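Written out below as structure tokens is the structure these notes cover.
2 protein chains.
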Amino acid sequence: MNILEKITNELDILSKSERKVAEVILASPSTVIHSSIAALAKQANISEPTVNRFCRRLDTKGYPDFKLHLAQSLANGTPYVNRHVDENDTAEEYTSKIFESTMASLELARKSLDPSLINRSVDVLTQANKISFFGLGASAIVAHDAQNKFFRFNVPVVYFDDILMQRMSAINSRQGDVVIVISHTGRTKSLVEVASLAKENDATVIGITTNGTPLAKECSIVLSVEVAEDTDLYMPMSSRIAQLALIDVLATGFTLRRGSKFRDNLKKVKDSLRSSRFERKD
Amino acid sequence: MNILEKITNELDILSKSERKVAEVILASPSTVIHSSIAALAKQANISEPTVNRFCRRLDTKGYPDFKLHLAQSLANGTPYVNRHVDENDTAEEYTSKIFESTMASLELARKSLDPSLINRSVDVLTQANKISFFGLGASAIVAHDAQNKFFRFNVPVVYFDDILMQRMSAINSRQGDVVIVISHTGRTKSLVEVASLAKENDATVIGITTNGTPLAKECSIVLSVEVAEDTDLYMPMSSRIAQLALIDVLATGFTLRRGSKFRDNLKKVKDSLRSSRFERKD
DNA sequence: TGCAATTATGAAATAAAATTTCATTTTTCC
DNA sequence: GGAAAAATGAAATTTTATTTCATAATTGCA
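Residue numbers (our numbering), protein chains in the order written: chain A, 2 to 283; chain B, 2 to 283.
Set out below in structure tokens:
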């Protein structure tokens, strides 16, 4: 585990003097890795042995070992960050920035997901009579992709990116049906209405959206996908990728729940594509 | 820079004894960060001052500082790896694995992309009379997403995920048109034919695929997206996400090339959606 | 090739840093 | 309010790293 997080967690277990040490370290960890035990003790206004005891309490062998852990934590800390593309970036620069922002978003999204809700969603999906995916704009492609995955499972699955079709489908839904609505903002009026209609007709509504939005309020289960601020270019970017990864997670959960025989079936679906491909000569 | 790489690079600048030290370190860096200078000297069969000199030659302050750098380098190494989902994984476990595999794939994809080819592709795209995106199966959603992005730029853009429409469109293409074909395997027969038809009709064909495949051979520019081995579940996962990130890169390159006035225009497109949304009350 | 100059190396001395011991102070709990 | 426990730091000790300096190896040049 990251030692900085560990310090934060154990802050209340520490004694008064040890907490002083902790505070100095948390305030400027990168300085500390270049300080001697004496310098740090002075900084925190406590004695050297206290620093040493502090280190041991965090399960390190002593001060030098602690510094090693700290250095590693710093190296690990958010390896990918959301950097904005700049007007004068070269192709190499904006490529790196976009990929790294995407990775940072995935990292954040994973942290914000609640595994127990994923588990419940998988429960619901495996027992569904029919599954519908609805999205508009950038989220439409996520719904499209979800259909692509779930239809392999041999369950009735539809996807619509058309408002009227979504409404009609929602009105026709019934108990045992699962409706998955996808929207990053959670504020698209027509989609909120669709969710509400589906709910009124006793379908289970799962929202892939942000917590606390109007759409979230209409859902039985909210899979909240937090995403770093989108870039300045006025296009949805990372959000849909995080949503797609979530679809992968749900599909995977589904196949795991169904057991190994079911997975043999997936292989057959894949093999059925073979004749449409050029052979690979490895 | 990673200090392990640095050691490797400077191996030939080092003296005989110093090289012994380097070899011991490279052989087992993780052991070294827990060794004292005396232990390492003994291991390498040289004296302690030699170790110290070695450290300084690598621009560190001394042995402890060197160990710090080494620890950080070790911590940086491949933060995300492609771990396979296991039969008995909990929801939390498979969620983490999928997100991490996706991130690992993005990392790999970014490394495999050639910025100069991206630059050329952006050149071609900004000068296109018409842009078409073709994909099938999982790649269809990438084409779909690309259309979603590029239509905002106010250039004629189409996307087809239907073989016949793709063929017809390809046959009707002409000089100045750009056709982007998307396929991870690069072996889908009908798509290779479509690429070939477009090429015969003097369109510029950009392939988002893997180098060396039949599809790649038909393309004027190949944007090769390498991706880690897909998981065992017989579904495309990371490949389409890496492709989407690449679409983001192309779209971004496009807007940067077009200049700032053009970007104001994008804002207008985005703002036009406002009335379809519930207001945010922050 | 021979020899001075340069560079590399390690033994020993020194310096620096970390840890242990132990006495003192502070806190806790009855 | 006071004994027991816990926390703390001064000083001593130990461990670790660095410097100094003498010697050995290598290089460059006549």
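All C-beta atoms in this analysis are idealised placements derived from N, C-alpha and C, irrespective of residue type, glycine included.
All of these numbers come straight from a predicted model, not from anything done at the bench.
Beta-carbon spacing of residue 182(B), residue 204(B) below 8 angstroms: Position 181 of the second sequence holds residue 182(B). Position 203 of the second sequence holds residue 204(B). It is not a contact, given that the beta carbons lie outside the stated cut-off.
Cβ distance (whole Å) where residue 150(B) is taken to contact residue 248(B) below 8 angstroms: Here residue 150(B) is taken as the residue at index 149 of the second sequence, counted from 1. Here residue 248(B) is taken as the residue at index 247 of the second sequence, counted from 1. About 6 angstroms separates the beta carbons of residue 150(B) and residue 248(B), which is inside the 8 angstroms limit, making them a contact pair.
In chain B, what lies closer than 8 angstroms to residue 90(A) by C-beta? Here residue 90(A) refers to the residue found at position 89 when the first sequence is read from its first residue. In chain order: 257.
Taking 8 angstroms as the threshold (C-beta atoms), are residue 143(B) and residue 224(B) in contact? Here residue 224(B) corresponds to residue number 223 of the second sequence, with the count starting at 1. Here residue 143(B) corresponds to residue number 142 of the second sequence, with the count starting at 1. No; because the gap between Cβ atoms is not below 8 angstroms, this pair is not in contact.
Taking Cβ-Cβ distances below 7 angstroms as the criterion, which residues of the region 43–70 of chain A are in contact with chain B? Per Cβ criterion, the list reads 65, 68, 69.
Answer yes or no: does any C-beta atom of chain B fall closer than 8 angstroms to that of residue 5(A)? Here the question's residue 5(A) lines up with position 4 in the first sequence. False, the Cβ-Cβ gap to chain B never drops below 8 angstroms.
Can you tell me which of the three DSSP states residue 27(B) falls into? As a working note, residue 27(B) is residue 26 in the second sequence. DSSP places residue 27(B) within a helical segment (H, G or I) once states are collapsed to three.
For residue 103(A) and residue 240(A), the rounded distance between their alpha carbons: As a first step, residue 240(A) is located in the first sequence; it is residue number 239 there, counting from the start. As a first step, residue 103(A) is located in the first sequence; it is residue number 102 there, counting from the start. If I take the Cα positions, the gap works out to 9 angstroms.
Using only CA atoms, which one of 26(A), 112(A), 214(A) lies nearest to residue 93(B)? Reading the second sequence from its first residue, position 92 is the one you call residue 93(B). Cα-wise, what sits closest to residue 93(B) is 112(A).
I'd like the list of long-range same chain contacts for residue 71(A), defined as Cβ closer than 8 angstroms, with 5 residues on each side in sequence excluded. Against the first sequence, residue 71(A) aligns to sequence position 70. Excluding residues within five positions, the ones whose Cβ falls inside 8 angstroms are 4, 5, 26, 30, 33, 34.
Between which two residues does the beta strand (DSSP E) containing residue 133(B) stretch? Translated into positions along the second sequence, residue 133(B) becomes position 132. Run containing residue 133(B): 131–136, per the beta strand (DSSP E) assignment.
Closest Cβ-Cβ distance between residue 151(A) and chain B: below 8 angstroms? Working through the first sequence from its first residue, we reach residue 151(A) at position 150. Judged by the 8 angstroms Cβ criterion, residue 151(A) is not in contact with chain B.
Which word fits residue 126(B), buried or exposed, when buried means at least 16 other C-beta atoms lie within 10 angstroms of its C-beta? Working through the second sequence from its first residue, we reach residue 126(B) at position 125. Residue 126(B) is buried by the Cβ-count criterion.
I think residue 202(A) touches residue 171(A), with their Cβ atoms under 8 angstroms apart; what is that distance to the nearest whole Å? Counted from its first residue, the first sequence places residue 202(A) at position 201. Counted from its first residue, the first sequence places residue 171(A) at position 170. For residue 202(A) against residue 171(A), the beta-carbon gap comes to about 7 angstroms, under 8 angstroms, which counts as contact.
Euclidean distance between Cα positions of residue 97(A) and residue 213(B): As a first step, residue 97(A) must be located in the first sequence, where it is residue number 96. As a first step, residue 213(B) must be located in the second sequence, where it is residue number 212. Cα to Cα, residue 97(A) sits roughly 24 angstroms from residue 213(B).
Cβ neighbour criterion (16 or more within 10 Å) applied to residue 28(B): On the second sequence, position 27 is the one that residue 28(B) refers to. Burial call: exposed.
What does the alpha-carbon distance come out to for the pair residue 87(B) and residue 255(A)? Start at 1 with the first residue of the second sequence, and residue 87(B) comes out as number 86. Start at 1 with the first residue of the first sequence, and residue 255(A) comes out as number 254. Approximately 13 angstroms between the Cα atoms of the pair.
Just reading off the beta strand (DSSP E) that residue 181(A) is part of, what are its end residues? By 1-based counting over the first sequence, the position of residue 181(A) is 180. That run of the beta strand (DSSP E) goes 178–183.
For a contact meaning CB atoms closer than 7 angstroms, what does residue 254(A) contact in chain B? Here residue 254(A) refers to the residue found at position 253 when the first sequence is read from its first residue. Within 7 angstroms Cβ-Cβ: 92, 95.
Per-residue burial, residue 12(B) [other beta carbons within 10 Å of its own, 16 or more giving buried]: Reading the second sequence from its first residue, position 11 is the one you call residue 12(B). Counting other Cβ atoms within 10 Å of its Cβ, residue 12(B) stays below 16 and is therefore classed as exposed.
Of the listed residues 56(A), 137(A), 166(A), 147(A), nearest to residue 187(A) (C-alpha basis): Position 186 of the first sequence, counted from the start, is the residue given in the question as residue 187(A). Check the Cα spacing between residue 187(A) and each of 56(A), 137(A), 166(A), 147(A): the tightest is with 137(A).
Return the CA-CA distance between residue 242(A) and residue 8(A), expressed in angstroms with no decimal places. One-based indexing of the first sequence puts residue 242(A) at position 241. One-based indexing of the first sequence puts residue 8(A) at position 7. Cα to Cα, the separation comes out at about 33 angstroms.
In chain order, what residues of the same chain have a beta carbon less than 7 angstroms from the beta carbon of residue 46(B), not counting five sequence neighbours either side? As a position in the second sequence, residue 46(B) is number 45, starting the count at 1. The residues 21, in chain order, have a CB closer than 7 angstroms to that of residue 46(B) in the same chain once the five nearest residues on each side in sequence are set aside.
Beta carbon proximity, residue 100(A) to chain B, threshold 8 angstroms: Residue mapping note: residue 100(A) aligns to position 99 of the first sequence, counting from 1. Between residue 100(A) and chain B, the shortest Cβ-Cβ separation is below 8 angstroms.
When burial is assigned at 16 or more other CB atoms within 10 Å of the CB, is residue 160(A) buried or exposed? As a first step, residue 160(A) is located in the first sequence; it is residue number 159 there, counting from the start. When all chains shown are included, residue 160(A) counts as buried.
With distance defined between alpha-carbon atoms, name the residue in 148(A), 177(A), 154(A), 116(A) nearest to residue 128(A). Indexing the first sequence from 1 puts residue 128(A) at position 127. Out of 148(A), 177(A), 154(A), 116(A), 177(A) has the C-alpha closest to the C-alpha of residue 128(A).
Within its chain, find whatever has a CB closer than 8 angstroms to the CB of residue 233(B); leave out the 5 residues flanking it on each side and keep chain order. Sequence index remark: in the second sequence, residue 233(B) carries index 232 (1-based). Interpretation of residue 233(B) is limited by its pLDDT of 48, a score under 50 that renders its predicted location unreliable; the figure taken from the coordinates is listed afterwards. Same-chain partners within the cutoff: 85, 86.
In the region 211–225 of chain A, which residues sit with their C-beta less than 7 angstroms from some C-beta in chain B, listed in chain order? Cβ contacts with chain B come from 215.
Name the DSSP beta bridge partners of residue 225(A), please? As a position in the first sequence, residue 225(A) is number 224, starting the count at 1. 210(A).
How about residue 199(B) and residue 208(B): do their beta carbons lie closer than 8 angstroms? For the purposes of this step, residue 199(B) is taken as residue 198 along the second sequence, with counting starting at 1. For the purposes of this step, residue 208(B) is taken as residue 207 along the second sequence, with counting starting at 1. No, these two residues do not count as a Cβ contact at 8 angstroms.
In chain A, which residues lie less than 8 angstroms from residue 286(B) when you measure between Cβ atoms? The requested residue 286(B) is not part of the displayed model; chain B covers only 2 to 283.
Under 9 angstroms from the C-beta of residue 138(A): neighbouring residues of chain B: Start at 1 with the first residue of the first sequence, and residue 138(A) comes out as number 137. What residue 138(A) touches in chain B: 149, 274.
Residue from 105(A), 148(A), 265(A), 24(A) with nearest C-alpha to residue 228(A): If you number the first sequence from 1, residue 228(A) lands on position 227. Taking residue 228(A) as reference, the option from 105(A), 148(A), 265(A), 24(A) with the minimal CA-CA separation is 105(A).
Between residue 26(A) and chain B, is any beta-carbon pair separated by less than 8 angstroms? Numbered from its first residue, the first sequence carries residue 26(A) at position 25. So, not an interface residue.
If we ignore side chains and look at the alpha-carbon of each, how far apart do residue 79(B) and residue 108(B) end up? Here the question's residue 79(B) lines up with position 78 in the second sequence. Here the question's residue 108(B) lines up with position 107 in the second sequence. At residue 79(B) the pLDDT is 49, less than 50, meaning the model places this residue with poor confidence; the figure from the coordinates comes in the next sentence. Cα to Cα, residue 79(B) sits roughly 9 angstroms from residue 108(B).
Kindly list the residues whose CB is nearer than 8 angstroms to the CB of residue 90(B), restricted to its own chain and excluding five residues on each side of it in sequence; keep chain order. By one-based count along the second sequence, residue 90(B) stands at place 89. So the qualifying residues of the chain are 98.
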